[in-house]
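The structure under discussion appears below in the form of C-alpha cells.
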Amino acid sequence: MNDTGIGRYNRGFALSLAITSLLSALLVVIKEENQDSVLAWMIAATGHHWVTHGVLVLVLYAVLGWILAQLQLGTRLTGNGLSAVISGSLVVSGLIIAGYFI
Amino acid sequence: MESIQSELILLAHPSFGVLAILTAVWVFAETINNQATSYGRLRLLSLAGTLLMWLSYLVGGYWYVVYYGADKALIKAGPWPFAHSFFMEVKEHLFFSLLLMSTYLPIAVFGLTAGRVGLKPVVLWVSAWIVVLGLAMEGAGAFISMGTKVALLATQSMGETP
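Chains as they are written, first to last, in this note's numbering: chain E, 27 to 128; chain U, 1323 to 1484.
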C-alpha cells in the first residue's frame, strides 16, 4: 500500500513543477549561450524570446503534470518528500539563473 | 497619454504581486491552523492568489515586452548597468518558477481540504516559497527602478535631455 495521502494529480503536478522549474533555468543558459540558433528561434516564434520561454514553460508544466499523474510515478513520496523535491528544485533553479547572470 | 498608461501598468505589476504575496501568507497561517472551518477561506485565498499572480505576470509581461526596451538602453548606459544585467535578467526568468508555484498552490489546497492530509507540508512549503520569491521579485523591481532613476539623473547632470 503506497497511499501517502497525496493523490496522483497533486503528486504529478508537484513533480512537474520541480522538473519544469529546473528545465526553465537550463533553457535560460542554453538560449543565452546559443543566441544565433536557440535565442533567434525563440524570438522568431512569438516576436520575443521571453514570451516563447513562458509559453514553453506553461505548456511543459501542464503536459508533464498530466503525464506524471497518469504514470503515477513517485507514489512513495510523502508530503515532506514532495516538499523537499520542490524546494530543492527551486533553490537549484535560482542558483543556476543567478549564477549565470552574476 | 501613452506615458501615463505605461506608468499605470508598471504600478499595477508590483501591486498585484504584493496582494498575491499577502494571500500566500494568509494561506500559510490558515494551513497551520488547519481547522475544517478554515477550508472555505483556504480554497478562496489560494484561488485569489493564483489570479493575482497571473495578473501580475500578464501586466508586467506586457510592460516588459512593449515598454522596457527604452529603459533597458538607459539602464545599460547608466551608472547601474547591473540593474538590468543581473536583477532584471534574474527576475524575468525566475518569475516563471513563482508563477508555477502560484498555479500549483490551489491544486494542493483543494487536495488538502478534500481530506488528503499528507499535503499539509506541501501547502506550507509552497506558500512559504511564494512569499520568499515574491519578496525577492519586489526587491529586484526596486533595483531596476533605481537603475533607471540613477541613469536619468546621470543624463541630467551631464546636461542632456533624457
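Ideal placement from N, C-alpha and C gives every residue a C-beta, glycine not left out.
Nearest-angstrom beta carbon gap, residue j and residue i [assumed within contact, 8 angstroms]
i	j	result
U/G1469	U/A1405	2 angstroms
E/S115	E/L48	5 angstroms
E/F127	U/V1412	6 angstroms
U/I1343	U/V1453	6 angstroms
U/A1346	U/G1371	6 angstroms
E/G105	U/P1443	4 angstroms
U/F1465	E/V83	Not quite, the Cβ-Cβ distance comes to about 24 angstroms (not below 8 angstroms), so this is no contact.
U/L1341	U/L1369	That belief does not hold up - the Cβ atoms of U/L1341 and U/L1369 are roughly 13 angstroms apart, past 8 angstroms.
C-alpha gap between residue i and residue j, whole angstroms
i	j	result
U/A1462	E/S119	17 angstroms
U/L1364	E/L52	34 angstroms
U/F1485	E/A124	Here chain U has residues from 1323 to 1484 only, and residue 1485 of chain U is not among them.
E/M27	E/S113	The predicted position of E/M27 is uncertain, since its pLDDT is 40 and thus under 50; no value can be drawn from it.
E/L86	E/T72	17 angstroms
E/V64	E/K57	5 angstroms
U/Y1390	E/G80	17 angstroms
E/I32	E/L94	14 angstroms
E/V54	E/T78	12 angstroms
E/L90	E/H75	22 angstroms
U/S1328	U/W1447	35 angstroms
U/I1397	U/G1440	47 angstroms
U/L1380	U/R1438	32 angstroms
U/W1348	U/L1367	7 angstroms
E/G107	U/L1420	20 angstroms
E/A70	E/L97	35 angstroms
E/M68	U/L1416	18 angstroms
U/M1459	U/A1473	21 angstroms
U/G1362	U/V1445	15 angstroms
U/L1377	U/G1339	8 angstroms
E/S50	U/P1403	25 angstroms
E/L103	U/S1449	19 angstroms
E/T46	E/A88	10 angstroms
E/D62	U/Q1357	55 angstroms
U/T1477	U/W1451	39 angstroms
Buried or exposed (CB count within 10 angstroms, at least 16 for buried), residue i
i	result
E/T101	exposed
U/A1392	exposed
E/N36	buried
E/A66	exposed
U/I1326	exposed
U/M1480	exposed
E/T30	buried
E/E59	exposed
U/L1475	exposed
U/L1422	buried
E/V117	exposed
U/T1359	exposed
E/G38	buried
U/L1457	exposed
E/L121	exposed
Beta carbon proximity, residue i to chain B, threshold 8 angstroms
i	result
E/H74	Absent from the structure: chain B. Protein chains present are E and U.
Any non-hydrogen atom of the ligand SAH closer than 7 angstroms to residue i Cβ
i	result
U/S1378	No copy of the ligand SAH occurs in the structure displayed, which carries no ligand at all.
Open item on the list: Is it the case that the region 1413-1426 of chain U contacts the region 34-45 of chain E, given that we only count it when at least three CB pairs across the two stretches are under 8 angstroms?
Closed with: Short answer: they touch.
Task: In chain order, each alpha helix (DSSP H) run of at least 4 residues that lies wholly inside the region 1381-1407 of chain U - done: Every alpha helix (DSSP H) of 4 residues or more that sits fully in the region 1381-1407 of chain U is shown, in chain order, as 1390-1399.
- [ ] May I ask you to verify whether the region 1350-1357 of chain U touches the region 1430-1449 of chain U, counting CB pairs closer than 8 angstroms and requiring at least 3?
- [x] By the Cβ criterion, the region 1350-1357 of chain U is in contact with the region 1430-1449 of chain U, since at least three pairs of Cβ atoms, one from each stretch, lie closer than 8 angstroms.
TODO: Examine the Cβ distances between the region 1333-1345 of chain U and the region 1372-1390 of chain U and report whether three or more of them are shorter than 8 angstroms.
DONE: Short answer: they touch.
Open item on the list: Quick check for students: name the residue ranges of the alpha helix (DSSP H) that lie wholly in the region 32-81 of chain E, counting only runs of 4 or more.
Closed with: If we require 4 residues or more, the alpha helix (DSSP H) runs fully inside the region 32-81 of chain E come out as 34-59, 66-72.
TODO: Could you pull out every unbroken beta strand (DSSP E) segment of at least 3 residues lying fully inside the region 1411-1473 of chain U, listed in chain order?
DONE: The qualifying runs do not exist here; there are none.
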